[in-house]
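Notes follow the structure.
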Amino acid sequence: MEPSEVVDPVRVKKEPVSPREKDSHSTKKPTSKHGSQSSTKHSSSSSIMKRAKAEAARALIRLAEEEAALRKTLSQLEEQDEIDQATIRASAVRRRSDYAGVLRKHMESELHVIP
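Taken in order, the sequence shown gives residues 15 to 129; the numbers are from our numbering.
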């Protein structure tokens, strides 16, 4: 090692070590007096999260079904509207044709009356 790389152990500031951190090489997990409660809380929150996700998935399915039903209804209404519009146009054409026929007959009868 070069002299610039040598670390003076006296000048190295050590961080305070808590009792839990003292044995960092231990395979045991630190325990607390609330250790079992923590595990229960985690398991409870995990099951709550699973239930919430399941409920959200069911809600999404319901919304998708409602959307499909609304799209089907809209499609049927649009189709019926097209039929109604075609009927209105056909009726208008018939009325014009009928009116033209009546007018033509009237004009013809007027022409025959002229001496």
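For each residue, glycine too, the CB sits at the ideal point set by N, CA and C.
For chain B, find out if any of its Cβ atoms is closer than 9 Å to the Cβ of residue i; answer yes or no.
| i | result |
| --- | --- |
| LEU84 | Among the chains of the structure shown, chain B does not appear; only one protein chain is present. |
Which residues in the same chain have their Cβ closer than 6 Å to the Cβ of residue i, if we skip the five residues on either side of it in sequence?
| i | result |
| --- | --- |
| MET15 | Residue placement at MET15 is flagged as unreliable, the pLDDT there being 49, under the threshold of 50; the coordinate-derived value follows with that caveat. Excluding sequence neighbours, MET15 sits near nothing in its chain. |
Starting from the C-beta of residue i, find all residues in its chain whose C-beta is less than 8 Å away, skip the five residues before and the five after it, and write them out in chain order.
| i | result |
| --- | --- |
| LEU125 | none |
Just to confirm the assignment: which complete beta strand (DSSP E) runs, minimum length 3, are found wholly within the stretch 65-114? none
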